[in-house]
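2 protein chains.
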Amino acid sequence: MVSTRPYSNLIERLKMAGLRPTRQRLALARLLFEDGNRHITAEQLHAEAMNREVRVSLATVYNALHQFTGAGLLREVVVDSGRSYFDTNVSDHHHFFYEDTGRLEDIPDRWVRLDTLPSAPEGTRVARVDVIIRVTSDTL
Amino acid sequence: MVSTRPYSNLIERLKMAGLRPTRQRLALARLLFEDGNRHITAEQLHAEAMNREVRVSLATVYNALHQFTGAGLLREVVVDSGRSYFDTNVSDHHHFFYEDTGRLEDIPDRWVRLDTLPSAPEGTRVARVDVIIRVTSDTL
DNA sequence: GTGATTGCAAATCTTTTGCACTAAA
DNA sequence: TTTAGTGCAAAAGATTTGCAATCAC
Chain A
1 MVSTRPYSNL IERLKMAGLR PTRQRLALAR LLFEDGNRHI TAEQLHAEAM NREVRVSLAT
61 VYNALHQFTG AGLLREVVVD SGRSYFDTNV SDHHHFFYED TGRLEDIPDR WVRLDTLPSA
121 PEGTRVARVD VIIRVTSDTL
Chain B
1001 MVSTRPYSNL IERLKMAGLR PTRQRLALAR LLFEDGNRHI TAEQLHAEAM NREVRVSLAT
1061 VYNALHQFTG AGLLREVVVD SGRSYFDTNV SDHHHFFYED TGRLEDIPDR WVRLDTLPSA
1121 PEGTRVARVD VIIRVTSDTL
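See the structure below:
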């Protein structure tokens, strides 16, 4: 199931999103999308790029993450004030947040059923519904 | 229904929480709790204190907000990375978040029914479940 | 070429910290 | 007293911005 043209998909995705497939964006897209679903912060992604000898500035990582998010390639998840997580899974789903470790984990959408949701207030529309189940270690 | 002893309740609440009822804490508690349910940031509370001629440093506001939260008098709501909101309503309930304005509004608990919640992962317990309905302006 | 993109360093914003000073108990 | 609490200014993080240099088309 491994593509024989490892980059072309990503190049297409970037182009389709109206983003020039620059060396930096392509490298970041590879890190983000080639290993399945990930939840990552800008700082983490930058560190990972450095480890793999990909020279990208932190500012560019921030730019790319926001551009990808704007293009619908990523989704921003807010669970922690002072740190932004980006989720490569853009389908409807919710999250476990491990408060002790800062880890974020997907919950498939069908595992959470929301009933009796109030309608959006007058003059507004629902942009998204986030359900975050915050868990902590059991240990006494 | 207005108490004839406007401060004594708050003094009691602070003492009960193990917090000395200092001039600053008492003033902040009045701002927070005397006008019903509020959602406020540290910066906003500080500004409000200044307007009312209450001299409190921003650092003390942060300290007080966290101490109140630790004591169960407030609840911290995370909806916006980079800014913390504190909610004077500590009962079970959820929130509307107006992304355009940064406003936060309570949704009574009974308006949201969560079914089929997954159980907490092995070794963890659920600390809290947050439901945030993000709404934006309807205007085209 | 030329307009989009990048890197870097500085700026910004929120929150925390260190420490001398002040005030409850 | 004596110990908790406060103010201030500095520090710390995360993120953004300005601008010259660079790259994709």
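If you read the protein sequences in the order shown, they are chains A and B. Quick note on our numbering: the first sequence kicks off at 1 and runs consecutively. Quick note on our numbering: the second sequence kicks off at 1001 and runs consecutively. Virtual Cβ for every residue (Gly too), placed ideally from N, Cα, C.
Excluding the 5 residues flanking residue i on each side, which residues of the same chain have their C-beta closer than 6 angstroms to its C-beta?
| i | result |
| --- | --- |
| Glu99 (chain A) | Arg134 and Thr136 |
| Phe1097 (chain B) | Val1079, Leu1104, Ile1132 and Arg1134 |
| Ala29 (chain A) | Leu10 |
Report the option in the options whose CA atom is closest to the CA atom of residue i.
| i | options | result |
| --- | --- | --- |
| Leu45 (chain A) | A:Asp35, A:Val61, A:Phe33 and A:Glu34 | A:Val61 |
| Glu80 (chain A) | A:His66, A:Arg30, A:Ser119 and A:Thr101 | The residue you asked about is not Glu; residue 80 (chain A) is Asp in the sequence shown. For the residues A:His66, A:Arg30, A:Ser119 and A:Thr101, the minimum Cα distance to Asp80 (chain A) belongs to A:Thr101. |
| Val59 (chain A) | A:Thr124, A:Arg25 and A:Glu122 | The residue asked about is misnamed: residue 59 (chain A) is Ala in this sequence, not Val. It is A:Arg25. |
| Thr124 (chain A) | B:Leu1117, B:Arg1075 and B:Thr1139 | B:Thr1139 |
| Val129 (chain A) | A:Gly82, A:Glu43, A:Arg75 and A:Asp35 | A:Arg75 |
| Leu1032 (chain B) | B:Pro1118, B:Ala1049 and B:Leu1117 | B:Ala1049 |
| Asn1063 (chain B) | B:Glu1122, B:Glu1043 and B:Glu1012 | B:Glu1043 |
For residue i, would you say it is in contact with chain B, using Cβ-to-Cβ distances shorter than 9 angstroms as the test?
| i | result |
| --- | --- |
| Tyr62 (chain A) | no |
| Ala49 (chain A) | no |
| Ile40 (chain A) | no |
| Val2 (chain A) | With a pLDDT of only 45 at Val2 (chain A), under 50, the local geometry of the prediction cannot be trusted, and the value read off the model is given with reservation. Taking Cβ atoms only, chain B never reaches closer than 9 angstroms to Val2 (chain A), which makes this a no. |
| Ser91 (chain A) | no |
| Glu68 (chain A) | The question names Glu, yet the displayed sequence has Phe at residue 68 (chain A). No, Phe68 (chain A) lies away from the interface with chain B (no Cβ there is under 9 angstroms from its Cβ). |
| Leu114 (chain A) | yes |
| Glu43 (chain A) | no |
| Arg125 (chain A) | yes |
| Arg75 (chain A) | no |
| Leu142 (chain A) | This structure leaves residue 142 (chain A) out entirely; chain A is present only between 1 and 140. |
| Glu105 (chain A) | yes |
| Arg23 (chain A) | no |
| Ile11 (chain A) | no |
| Arg128 (chain A) | yes |
Just checking: is the beta-carbon of residue i within a distance shorter than 9 angstroms of some beta-carbon in chain A?
| i | result |
| --- | --- |
| Thr1088 (chain B) | no |
| Ala1059 (chain B) | no |
| Leu1065 (chain B) | no |
| Thr1139 (chain B) | yes |
| Gly1082 (chain B) | yes |
| Arg1055 (chain B) | no |
| Glu1099 (chain B) | yes |
| Pro1121 (chain B) | yes |
| Arg1052 (chain B) | no |
| Thr1136 (chain B) | yes |
| Asp1035 (chain B) | no |
Short of 8 angstroms in beta carbon distance, which residues of its chain neighbour residue i, apart from the five on each side in sequence? Order them along the chain.
| i | result |
| --- | --- |
| Val131 (chain A) | His94, His95, Ile107, Val112 and Leu114 |
| Ala1120 (chain B) | Val1126 |
| Tyr1014 (chain B) | What sits at residue 1014 (chain B) in the sequence shown is Leu, not Tyr. Correct list, in chain order: Arg1020, Pro1021, Arg1025, Leu1026 and Ala1029. |
| Ser1091 (chain B) | Asp1109 |
| Pro1118 (chain B) | none |
| Glu1012 (chain B) | none |
In chain order, what residues of the same chain have a beta carbon less than 7 angstroms from the beta carbon of residue i, not counting five sequence neighbours either side?
| i | result |
| --- | --- |
| Gln1067 (chain B) | Leu1019 |
| Glu122 (chain A) | none |
| Ala83 (chain A) | Note on residue identity: the sequence assigns Arg, not Ala, to residue 83 (chain A). For Arg83 (chain A), where only same-chain residues beyond five positions count, the Cβ hits under 7 angstroms are Thr41. |
Closer than 8 angstroms is the cut-off here; do at least three beta carbon pairs connect the segment 77–89 of chain A with the segment 32–39 of chain A? yes
Contact between the segment 99–115 of chain A and the segment 52–70 of chain A is defined here as three or more beta-carbon pairs at a separation below 8 angstroms; is this criterion met? no
Tell me whether the segment 66–76 of chain A and the segment 13–27 of chain A touch, counting them as touching only if at least three CB pairs, one residue from each stretch, are closer than 8 angstroms. yes
Let me know the beta strand (DSSP E) ranges lying completely inside the segment 1064–1122 of chain B, each 3 residues or longer, listed in chain order. 1075–1080, 1083–1087, 1093–1098, 1103–1108 and 1113–1115
Ranges of the alpha helix (DSSP H) found wholly within the segment 1011–1073 of chain B, counting only runs of at least 4: 1023–1033, 1042–1051 and 1058–1070
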